[in-house]
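Chemist: When we follow the numbering used here, the leftmost residue of the sequence shown carries the number 1, and every step to the right adds one.
For each residue, glycine too, the CB sits at the ideal point set by N, CA and C.
Before anything else, here's the structure in question.
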Amino acid sequence: MNHLLRELAPIGAGTWQLIDDEAKERLTPALAARKLVDFSGPHGWEHSSTNLGRVEPLASVPVGGVTGARRKVLPLVELRVDFTLSREELQTAERGAEDTDLGALDEAARQLAQAENVAVLTGWADAITGIGEAATNAPVPLPASAQEWPDAVAAAVAALLEQGVAGPYGLALGTAQYRRALETAEGGAYPLTKHLARIIEGPIVWAPGLEGGIVVSQRGGDFLFESGQDIAVGYDGQDGDDVRFYLQESFSFRVATPEAAVVLPA
């Protein structure tokens with residue numbers, strides 16, 4: 001038995017598979033940040049810190065004539081979202097129902113994906129320095145007219161090239177901006193998304209939780225996401241007909257190259 005306590009839940013293996021499949025289906029398109037950064041792991045729930053390869057001197061030592069230093073590490077953070085499903089509704093899945101109500105799980109997945117995106121792309125006070133707050137290049141605001149967005153994205157790419165940061169590049173857009181990009185066609189009905197993709201020569205991702213956009217290099221080694229426990233569903237108990245579950249993950253994130261990103265404020 002591990003810390004997720006799945007063996008104690010009043011559901012069978014088939015229902016667990018349904019829950020896992022539903023969570024994966026909802027999380028996969030929404031986890032934008034990890035599509036643009038280097039992903040390492042998962043290394044397990046017990047993995048608690050990331051090695052930074054650095055030390056800091058210690059002021060005191062146990063014996064004269066020696067020096068001491070402490071290894072510097074980056075602690076992993078944990079994200080968790082609790083949700084409740086009806087035991088009666090879960091029993092319908094065990095009977096083979098195709099329309100089991102998993103709405104609470106869907107909402108929990110949305111919240112967790114948004115939290116991870118914000119932490120990595122924007123930042124999490126006292127926990128994670130995000131790409132946006134670490135970026136040293138001047139921001140390039142997105143114009144009010146989406147027709148002019150290619151100019152802004154091209155300017156961001158030019159700024160990265162001036163810093164010696166090679167492509168291809170990735171573009172993350174917040175929900176409102178991603179929708180506008182999909183809905184906008186340029187002269188001759190040429191889709192805006194295709195124009196943007198040609199400029200960055202890389203992926204354009206929908207990033208729930210982000211406001212505006214951000215261009216990041218995809219050459220590798222600039223943005224490092226280390227997963228302890230990847231996102232998993234755990235069991236937390238039962239109150240009558242209510243079965244309590246949670247989504248949980250642990251990870252660290254660090255920006256190795258602050259000049260490898262340009263923020264596009266909305």
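Ends of the alpha helix (DSSP H) at ASN117?
Modeler: Counting from 1 along the sequence shown, the entry for residue 117 is found at position 117. 103-117 is the span of the alpha helix (DSSP H), which, as asked, contains ASN117.
Chemist: Using three-state DSSP, classify ARG267 as helix, strand or coil.
Modeler: Residue 267 lies beyond the stretch modelled for the chain, which goes from 1 to 266, so this question has no answer here.
Chemist: By Cβ distance below 6 Å, which residues in the same chain neighbour VAL243 in space, the five residues on each side in sequence not counted?
Modeler: Along the sequence shown, one-based indexing puts residue 243 at 243. Contacts found: LEU85 and ARG87.
Chemist: Within its chain, find whatever has a CB closer than 6 Å to the CB of PHE253; leave out the 5 residues flanking it on each side and keep chain order.
Modeler: Along the sequence shown, one-based indexing puts residue 253 at 253. VAL120, ILE128 and PHE225.
Chemist: Could you check whether the Cβ of LEU160 sits closer than 6 Å to any heavy atom belonging to the ligand GTP?
Modeler: Absence of the ligand GTP from the depicted structure is noted, as is the absence of any ligand whatsoever, leaving it without description.
Chemist: At 3 residues or longer, what runs of the beta strand (DSSP E) sit wholly inside the segment 35-86?
Modeler: Runs found: 38-40, 49-57, 69-75 and 77-86.
Chemist: Would you call the segment 105-120 in contact with the segment 137-145, where contact means no fewer than 3 C-beta pairs closer than 8 Å?
Modeler: The segment 105-120 vs the segment 137-145: no contact.
Chemist: Could you tell me the distance, in whole angstroms, from the CA atom of GLY44 to the CA atom of GLN229?
Modeler: One-based indexing of the sequence shown puts residue 44 at position 44. One-based indexing of the sequence shown puts residue 229 at position 229. About 5 Å.
Chemist: Across which residues does DSSP place ILE128 in a beta bridge pair?
Modeler: Here residue 128 refers to the residue found at position 128 when the sequence shown is read from its first residue. According to DSSP, ILE128 bridges with TRP124.
Chemist: Spell out the partners DSSP gives TRP16 in its beta bridges.
Modeler: As a first step, residue 16 is located in the sequence shown; it is residue number 16 there, counting from the start. Partner(s): none; TRP16 has no beta bridge.
Chemist: Of the choices ALA32, PHE251, GLY234 and PRO265, whose alpha-carbon is the least far from that of ASN2?
Modeler: Translated into the one-based positions of the sequence shown, residue 2 becomes position 2. The option with the nearest alpha carbon to ASN2 is GLY234.
Chemist: Is the segment 67-77 in contact with the segment 202-213, if contact means three or more CB pairs nearer than 8 Å?
Modeler: No, the segment 67-77 is not in contact with the segment 202-213.
Chemist: Can you list, in chain order, the residues of its chain whose CB lies under 7 Å from that of ARG180, leaving out five sequence neighbours each side?
Modeler: Taking the sequence shown and counting its residues from 1, the one referred to as residue 180 is at position 180. Result list for ARG180: ALA146, in chain order.
Chemist: What whole-angstrom Cβ distance do VAL165 and LEU196 have, given they're in contact under 8 Å?
Modeler: The sequence position of residue 165 within the sequence shown is 165, counting from 1. The sequence position of residue 196 within the sequence shown is 196, counting from 1. The Cβ separation is near 18 Å, so there is no contact.
Chemist: Using 8 Å as the cut-off, can you tell me whether the segment 87-107 makes contact with the segment 18-26, which would need three or more C-beta pairs spanning the two stretches below that distance?
Modeler: Yes, since at least three Cβ pairs between the segment 87-107 and the segment 18-26 fall closer than 8 Å, the two stretches touch.
Chemist: Assign ARG254 to one of three DSSP states: helix, strand, or coil.
Modeler: To locate residue 254, count along the sequence shown from 1; it is residue 254. It is a strand residue.
Chemist: Which of the three DSSP states, helix, strand or coil, is assigned to ILE11?
Modeler: Your numbering for residue 11 matches position 11 in the sequence shown. Note: ILE11 maps to coil in three-state DSSP.
Chemist: Nearest CA to the CA of VAL77: which residue from ALA97, SER48, LYS194 and THR92?
Modeler: Start at 1 with the first residue of the sequence shown, and residue 77 comes out as number 77. Nearest C-alpha to VAL77: SER48.
Chemist: DSSP has ASP242 in a bridge; who is on the other side?
Modeler: For the purposes of this step, residue 242 is identified with residue 242 of the sequence shown, where counting begins at 1. SER86 and ASP239, per the DSSP bridge assignment.
Chemist: Take the Cβ of THR67 as the centre, count every other Cβ of all protein chains shown within 10 Å, and call the residue buried at 16 or more, exposed below.
Modeler: Here the question's residue 67 lines up with position 67 in the sequence shown. Its Cβ having fewer than 16 others within 10 Å, THR67 is exposed.
Chemist: Going by C-alpha distance, which of ASP222, GLN248, THR257 and GLU94 is nearest VAL37?
Modeler: Counting from 1 along the sequence shown, the entry for residue 37 is found at position 37. Ranking the options by Cα distance to VAL37, first place goes to ASP222.
Chemist: How close, in whole Å, do the beta carbons of TRP124 and GLY132 come, if the pair is a contact with beta carbons under 8 Å?
Modeler: Counted from its first residue, the sequence shown places residue 124 at position 124. Counted from its first residue, the sequence shown places residue 132 at position 132. Not confirmed; about 11 Å, so no contact.
Chemist: Can you give the Cα-Cα distance for GLU94 and PRO258, rounded to whole angstroms?
Modeler: Mapped onto the sequence shown, residue 94 falls at position 94. Mapped onto the sequence shown, residue 258 falls at position 258. In a straight line, the C-alpha of GLU94 is about 50 Å away from that of PRO258.
Chemist: Tell me the rounded alpha-carbon separation between GLY240 and LEU173.
Modeler: For the purposes of this step, residue 240 is identified with residue 240 of the sequence shown, where counting begins at 1. For the purposes of this step, residue 173 is identified with residue 173 of the sequence shown, where counting begins at 1. So the two alpha carbons sit approximately 42 Å from each other.
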